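Per the working numbering, the sequence shown starts with residue 5, numbered consecutively. Glycine is no exception: its CB is placed at the ideal position from the N, C-alpha and C atoms. In this text the structure is predicted, and so the values were computed from the model without any measurement. Structure first, commentary second.
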Amino acid sequence: MDEAVMIQELSHKISDVQLAKIQKRRSISAEPELEEEENKGSVEFQVFSFTNKIERLTSHLELHKKDFLSERGLRKILGKRQRLLAYLSKKNRVRYNKLIDQLNIREPQTR
């Protein structure tokens with residue numbers, strides 16, 4: 005069954021908030037070229053998966069402002085992604101710039 009048809013059928017049964025969450029999850033995985041063709045151990049795939057986790061945790065923390073354990077997990081994932089991006093920028097600047105543009109992650113400013 006197509007995802008759009010399934011979402012339309014479920015929309016009668018669930019609230020608007022839950023429908024927005026489902027559609028947001030669907031939009032997060034909208035980049036199949038990174039998700040399917042890349043090696044899961046590659047830096048690009050890891051950064052892509054960390055970005056998905058960061059987006060999910062950010063939306064969770066908007067609803068649950070006092071969830072400090074999730075906030076700590078978010079900070080840890082942000083640090084991991086930052087270290088991977090630093091590694092990639094040193095090793096291959098072209099791949100780094102392509103990934104930054106593709107995921108709309110702004111380049112960290114140096115001090």
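Your pair Phe54 and Arg85 checks out as a contact, with CB atoms roughly 4 Å apart and the cut at 8 Å.
Three or more Cβ pairs drawn from the region 76 to 90 and the region 54 to 63 lie within less than 8 Å of each other, which places the two stretches in contact. Secondary structure note for His64: its alpha helix (DSSP H) is the uninterrupted segment 47 to 67.
About 12 Å separates the beta carbon of Leu82 from that of Val51, a gap too long to meet the 8 Å contact definition.
Exclusion of the five residues before and after Leu65 leaves Asp71, Ser74, Glu75, Leu78 as the residues of its chain whose Cβ lies within less than 8 Å of its Cβ. Only buried fits Leu103, as 16 or more other CB atoms lie within 10 angstroms of its CB.
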